[in-house]
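Here the structure comes first, spelled out in structure tokens, and everything after it is commentary.
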Amino acid sequence: MRHIIQPLFRHRLMPLLVLLQVALACAIACNALFLLQQRLVPILAPDGIGQPDKLVVAWNIASRGKPWPPSRLREVQASLRAIPGVAAVGLAGSLPMETSAQMNGDVIGEGTGIQADAAVYIGDHLREALDLQLVAGRDFSATEQGIDYRDIGINQSGPAIITQALADHLFPDGHALGKVVRIGRDADAARRTVVGVVEHLMRNKLEQDNRSNIDYSMLFPGVPGQWPMPVFAVRAGVEGDAERVRQAVKATITRELGVEMIQGFEPTYQMYADMRANMLAKSKAAVWLLSGVSLVVLIVALVGIMGLTGYWVQQRTRQIGIRRALGARRVDILRQVQIENLLVVGAGIVLGMLLAYAVNLWLMRHYELSRLPWIYLPFGAALMLVLGQLAVLAPARRAAAVPPVVATRSA
């Protein structure tokens, strides 16, 4: 091993340059891959909404004075149901991909004590309008749907439908139906009994979501009171008829609430598929950008290691020839160059992992990003080790091809 390590200390500049390049590439790659994964999660995750091209969402509807009472909103909901071609109308405080208002709460499974931060969607006939797939239990009854809350309703007890992911998290035994979920940490917090489980329902706080909690959502029946910005979800019954329904929804809400809305604050009437595309547009752009950055970093590292190692091998042609003259085989020279590269790249990776955490801490402080999970460090290390061995392959083959006679020519 001495004949491998000694040249590294004798010719410090080239190994040091390779080490620093690997460290920088490792730090950038780890953080870029982490940010890439965060941006990909909402893009790839199912939101649970069935047939999004048939769902019209009316939002940014703001009351001029006091919030509309639930009875007034139900009148508008009835008018929307009367539109020809409408299959279902949901009335809610917020929806996935709709960011004008959000409801989230700390929920705790009674009996397990397991806690989660979950999105809460409160509204009337939401499961039907959103076409959520019920995998266990039942939908809310007509009596439950008819609840009108004096306040928002998040702190009221009653029934709840939760997602499969949240059910599995709060109740690992697999039996969530009939169990009670506490909304908040206080002893007198509201309690909701799980009556149904849906397959998926995405949260609307996407900037703080990850793969494990993006599906942590709950449905409460009823219409929120004291909520200034209601949302209507209108499902068209026939495919291809959604645009006509959208225009009818706009006309109906303008007729019913036009004079009661804030002037100059235009409501938004969109197909849910368009809402999702618009909401995720920045994430998709970031994915392309981060993918490009990662690719460029890896290519630059590959070319840099190859060039520096090739120059280093060329500088030591005479020493390699002497080793060949003393009986070293081609495979011995090949192995020596690869091991040297492994040692230098390994040292660069150690420095790079420390640098990756330092960069992540800086990003956390200035851009409120999440902490870099440790799993990205060994993944980045393995990637750089493979990259280093690929980069050194050509210079190592050239070194192994040096004939013993080179030693006598250089003497």
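Just so we're aligned: the sequence shown equals residues 1 to 411 in full-length UniProt numbering.
Just so it is clear, CB atoms sit at the ideal spot from N, CA and C, and this is done for glycine as well.
Remember, predicted model here, so these are calculated numbers, not experimental data.
> By Cβ distance below 6 Å, which residues in the same chain neighbour S63 in space, the five residues on each side in sequence not counted?
Replying inline: Mapped onto the sequence shown, residue 63 falls at position 63. Taken in chain order, the residues that qualify are P228.
Rounded C-beta distance between P70 and G225? I'm assuming under 8 Å. As a position in the sequence shown, residue 70 is number 70, starting the count at 1. As a position in the sequence shown, residue 225 is number 225, starting the count at 1. For a cut-off of 8 Å, the C-beta gap from P70 to G225 is around 6 Å, short enough to register as a contact.
Exercise. So the alpha helix (DSSP H) M275 belongs to, where does it begin and stop?
Worked result: Here residue 275 refers to the residue found at position 275 when the sequence shown is read from its first residue. 272–279 is the extent of the alpha helix (DSSP H) around M275.
Check your understanding: In three-state DSSP terms, what is V180?
Key -> Within the sequence shown, residue 180 is the residue found at index 180, counting from 1. The answer is strand: DSSP assigns V180 an E or B state.
Q: Spell out a yes or no on whether the stretch 77–87 and the stretch 264–282 are touching, meaning 3 or more CB-CB pairs, one atom from each, closer than 8 Å.
A: Under the three-pair Cβ rule at 8 Å, the stretch 77–87 does not count as touching the stretch 264–282.
Using DSSP bridges, identify the partner residues of T163. Translated into the one-based positions of the sequence shown, residue 163 becomes position 163. Beta-bridge pairing links T163 to V198.
Q. So, V76 versus M103, is the Cβ gap smaller than 8 Å?
A. The residue labelled residue 76 in the question sits at position 76 within the sequence shown. The residue labelled residue 103 in the question sits at position 103 within the sequence shown. Cβ distance not < 8 Å, so V76 and M103 don't count as in contact.
- Message: Taking 8 Å as the cut-off, does the stretch 101–117 touch the stretch 133–143 (at least 3 CB pairs, one atom from each stretch)?
- Response: Contact fails: fewer than three Cβ-Cβ distances are below 8 Å.
Original post:
Over what stretch of residues does the alpha helix (DSSP H) that includes R255 continue unbroken?
Top reply: Stepping through the sequence shown from its first residue, residue 255 is reached at position 255. In the DSSP assignment, R255 falls within the alpha helix (DSSP H) that extends over 242–257.
Looking at the strands, I want to know which residues DSSP matches up with Q115.
By one-based count along the sequence shown, residue 115 stands at place 115. According to the DSSP secondary-structure assignment, Q115 is paired through a beta bridge with I108.
Is the stretch 236–253 in contact with the stretch 141–152, if contact means three or more CB pairs nearer than 8 Å?
No: the two stretches stay apart, fewer than three of their Cβ pairs being nearer than 8 Å.
Inter-residue Cα distance where the pair is A142 and W59: By 1-based counting over the sequence shown, the position of residue 142 is 142. By 1-based counting over the sequence shown, the position of residue 59 is 59. Spanning the alpha carbons of A142 and W59 requires a straight line of approximately 25 Å.
* Meets three-Cβ-pair contact criterion under 8 Å: the stretch 273–290 and the stretch 26–38 -> These segments touch.
Would you call the stretch 18–29 in contact with the stretch 341–351, where contact means no fewer than 3 C-beta pairs closer than 8 Å? As far as the Cβ criterion goes, the stretch 18–29 touches the stretch 341–351, which means the pair count is three or higher.
If I measure Cβ to Cβ from A400 and keep anything under 6 Å in the same chain, skipping five residues before and after, which residues do I get?
For the purposes of this step, residue 400 is taken as residue 400 along the sequence shown, with counting starting at 1. Excluding residues within five positions, the ones whose Cβ falls inside 6 Å are R330, I333, L334.
| message | Let me check one thing: in DSSP terms, what residues is Y121 bridge-paired to? | response | To locate residue 121, count along the sequence shown from 1; it is residue 121. Partner residues in the beta bridge of Y121, as assigned by DSSP, are L219.
- [ ] Determine the burial state of A411: buried for a count of at least 16 other Cβ atoms within 10 Å of its Cβ, exposed for fewer.
- [x] For the purposes of this step, residue 411 is taken as residue 411 along the sequence shown, with counting starting at 1. With a pLDDT of 47 at A411, under the threshold of 50, the modelled position of this residue cannot be trusted; read the value that follows with caution. A411 comes out exposed.
What three-state label does DSSP hand F232 in the structure shown? In the sequence shown, residue 232 corresponds to position 232, counting from 1. In this structure, F232 counts as strand in the three-state DSSP scheme.
Next item on the list: Would you tell me roughly how many angstroms separate the C-alpha atoms of A32 and S294, rounded to the nearest one?
Entry: What you label residue 32 is simply residue 32 of the sequence shown in a count that begins at 1. What you label residue 294 is simply residue 294 of the sequence shown in a count that begins at 1. Cα to Cα, A32 sits roughly 6 Å from S294.
What do you get for M364, buried or exposed, if any count of 16 or more other CB atoms within 10 angstroms of its CB means buried? Residue mapping note: residue 364 aligns to position 364 of the sequence shown, counting from 1. The residue in question, M364, is exposed, as its Cβ has fewer than 16 Cβ neighbours within 10 Å.
- Do the stretch 111–126 and the stretch 295–315 make contact, defined as three or more Cβ pairs closer than 8 Å? Put simply, the stretch 111–126 does not touch the stretch 295–315. Fewer than three CB pairs are less than 8 Å apart.
ask   = When the Cα atoms are used, what is the spatial distance from M275 to N341?
value = Residue mapping note: residue 275 aligns to position 275 of the sequence shown, counting from 1. Residue mapping note: residue 341 aligns to position 341 of the sequence shown, counting from 1. The straight-line gap from Cα to Cα measures roughly 50 Å.
Within 10 angstroms of the Cβ of G222, are there 16 or more other Cβ atoms? Answer buried if so, exposed if not.
The residue labelled residue 222 in the question sits at position 222 within the sequence shown. Taking a 10 Å sphere around the C-beta of G222, we find 16 or more other C-beta atoms and assign the residue as buried.
**Identity of the residues DSSP links to L55 by a beta bridge** = Numbered from its first residue, the sequence shown carries residue 55 at position 55. Beta-bridge pairing links L55 to R235.
Using 8 Å as the threshold, is the stretch 234–243 in touch with the stretch 91–98, meaning 3 or more CB pairs across them? Judged by Cβ distances under 8 Å, the stretch 234–243 makes no contact with the stretch 91–98, as fewer than three pairs qualify.
Check: Between L343 and N213, what straight-line distance do the alpha-carbon atoms span, to the nearest angstrom?
Finding: As a first step, residue 343 must be located in the sequence shown, where it is residue number 343. As a first step, residue 213 must be located in the sequence shown, where it is residue number 213. Straight-line Cα distance between these residues: approximately 40 Å.
- Inter-residue Cα distance where the pair is L130 and P52: Here the question's residue 130 lines up with position 130 in the sequence shown. Here the question's residue 52 lines up with position 52 in the sequence shown. Straight-line measurement puts the Cα of P52 at about 8 Å from the Cα of L130.
* Check D139 in the structure and name its three-state DSSP category. => For the purposes of this step, residue 139 is taken as the residue at position 139 of the sequence shown. In the structure shown, D139 sits in coil (DSSP, three-state: anything other than H, G, I, E or B).
- Query: In three-state terms, what does DSSP make of D332?
  - Reply: As a working note, residue 332 is residue 332 in the sequence shown. Of the three classes helix, strand and coil, the one that applies to D332 here is helix, per DSSP.
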